[in-house]
Amino acid sequence: MKPRLIISVSSEQDYINAKKYAPDLIEIRIDLLGEGEDNILEECRGNCDIPLIGTIRSLGEGGLFDGSADEWYERIEPWIPVCDYIDLEMPYSGFSRGIRDCGKKVIPSVHLDYMPDDDELTSLERSMRNSGDIPKIIVTPEDHGDVIRLSEFTLKCAKPVITGVMGAEFRWARALCCLFGSYGVFCHAGNPASQGQYHIDEMREILSLLDVSDNTGIPE
Ligand SMILES: O=C1C[C@@](O)(C(=O)O)C[C@@H](O)[C@@H]1O
1 MKPRLIISVS SEQDYINAKK YAPDLIEIRI DLLGEGEDNI LEECRGNCDI PLIGTIRSLG
61 EGGLFDGSAD EWYERIEPWI PVCDYIDLEM PYSGFSRGIR DCGKKVIPSV HLDYMPDDDE
121 LTSLERSMRN SGDIPKIIVT PEDHGDVIRL SEFTLKCAKP VITGVMGAEF RWARALCCLF
181 GSYGVFCHAG NPASQGQYHI DEMREILSLL DVSDNTGIPE
């Protein structure tokens, strides 16, 4: 399977717009939704033929959620029936079993404002894989050497895995992570959820021009 193109959405309008671009998945950034959350939830309940990721990004990892673990679960619970995947930051990993018992896949995630060394990357991936299905490790490179290390880690680690970068300086590394086997890449459809995201049409073109083969480790 080729890398998945994922559109992150943070409003009902984003969600309606995203579907026009035929992404492989849509990520609902629940922490960023305003008062329209109920509307978008109803819309998703109705019919969404595109698999959904439910994400509540905490303040400490670049999002807006600033509550307890129980408050996190209270917020995500209504979304579990309509999502296919749930993003789970490490402090909430205790909810993983219950979410998986609902037949959903878990994306354990970590967002680091630095570039870990190789041992830390390997240790993170192994521990995250114990609590979910597709570990997601997003880092902040300091130089090109860090991007090369992230690429090599992506190529060599167990699959599936999602790797990526935060910030604008090395945003091009998002495509490299796909080249070396990341399960997917987060894009936007006009309203970026994070700095450095490419529009889905841009990323689709980049990956097409790079003729990215299937390194995700997931059969078609
Ligand atoms: O983990 C990620 C990656 C991301 O932060 C990005 O930089 O594209 C966007 C988030 O919505 C998503 O959950």
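Per UniProt numbering, residue 1 is the first one in the sequence shown, and the count goes up by one each step.
The beta-carbon is built from N, C-alpha and C at its ideal position, and this holds for glycine as well.
Here the structure is a predicted model, which means the values were calculated and not measured.
Option in the options with minimal Cα separation from residue i
i: residue 119; options: 79, 18, 157; result: 157
i: residue 103; options: 115, 83, 88; result: 83
i: residue 86; options: 121, 26, 64, 117; result: 26
i: residue 211; options: 179, 197, 190; result: 179
i: residue 143; options: 41, 48, 170; result: 170
i: residue 147; options: 93, 173, 68, 89; result: 173
i: residue 121; options: 106, 164, 88; result: 164
i: residue 40; options: 23, 10, 74, 24; result: 10
i: residue 5; options: 72, 217, 199; result: 199
i: residue 208; options: 189, 196, 18, 176; result: 176
i: residue 109; options: 100, 34, 61; result: 61
i: residue 237; options: 138, 152, 99, 18; result: Absent from the structure is residue 237, since the part of the chain shown begins at 1 and ends at 220.
i: residue 168; options: 140, 94, 160; result: 140
Those residues which DSSP pairs with residue i across a bridge
i: residue 164; result: 138
i: residue 109; result: 89, 136
i: residue 6; result: 25, 186
i: residue 65; result: 58
i: residue 53; result: 27, 85
i: residue 199; result: 188
Burial state of residue i (16 or more Cβ within 10 Å)
i: residue 3; result: buried
i: residue 193; result: buried
i: residue 56; result: buried
i: residue 114; result: exposed
i: residue 217; result: exposed
i: residue 99; result: buried
i: residue 14; result: buried
i: residue 20; result: exposed
i: residue 124; result: buried
i: residue 59; result: exposed
Supposed contact pair residue j and residue i - C-beta distance, whole angstroms, cut 8 Å
i: residue 181; j: residue 154; result: 5 Å
i: residue 63; j: residue 31; result: 4 Å
i: residue 43; j: residue 12; result: 7 Å
i: residue 92; j: residue 134; result: Incorrect: roughly 16 Å between the Cβ atoms, too far for contact.
i: residue 18; j: residue 189; result: 5 Å
i: residue 187; j: residue 195; result: Not really, about 13 Å apart at Cβ, beyond 8 Å.
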